[in-house]
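Step one of this worksheet: look at the structure below.
In the numbering used here, the protein residues as written are 105 to 147.
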């Protein structure tokens with residue numbers, strides 16, 4: 105929530121964060137999470 109308050113939760117942050125987040129996701133959930141992220145990205 106801090107990133108939202110200070111305005112740094114933006115596209116650049118997400119581009120940098122996504123690769124790190126993907127490393128933490130269980131392999132059986134990866135495709136579902138990628139789909140969710142792509143839907144969010146389109147907004």
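Backbone N, C-alpha and C define an ideal beta-carbon position, used for all residues, glycine too.
Everything numeric in this text was worked out from a predicted model, so none of it was measured.
Q. Since residue 141 contacts residue 122 with CB under 8 Å, what's their CB separation in whole angstroms?
A. 7 Å
Q.
Mapping the DSSP letters down to three states, classify residue 113 as helix, strand or coil.
A. It is coil, neither helix nor strand.
Q | Reduced DSSP secondary structure (H/G/I, E/B, other) of residue 130 | A | coil
Q) Cα separation between residue 134 and residue 127? A) 9 Å
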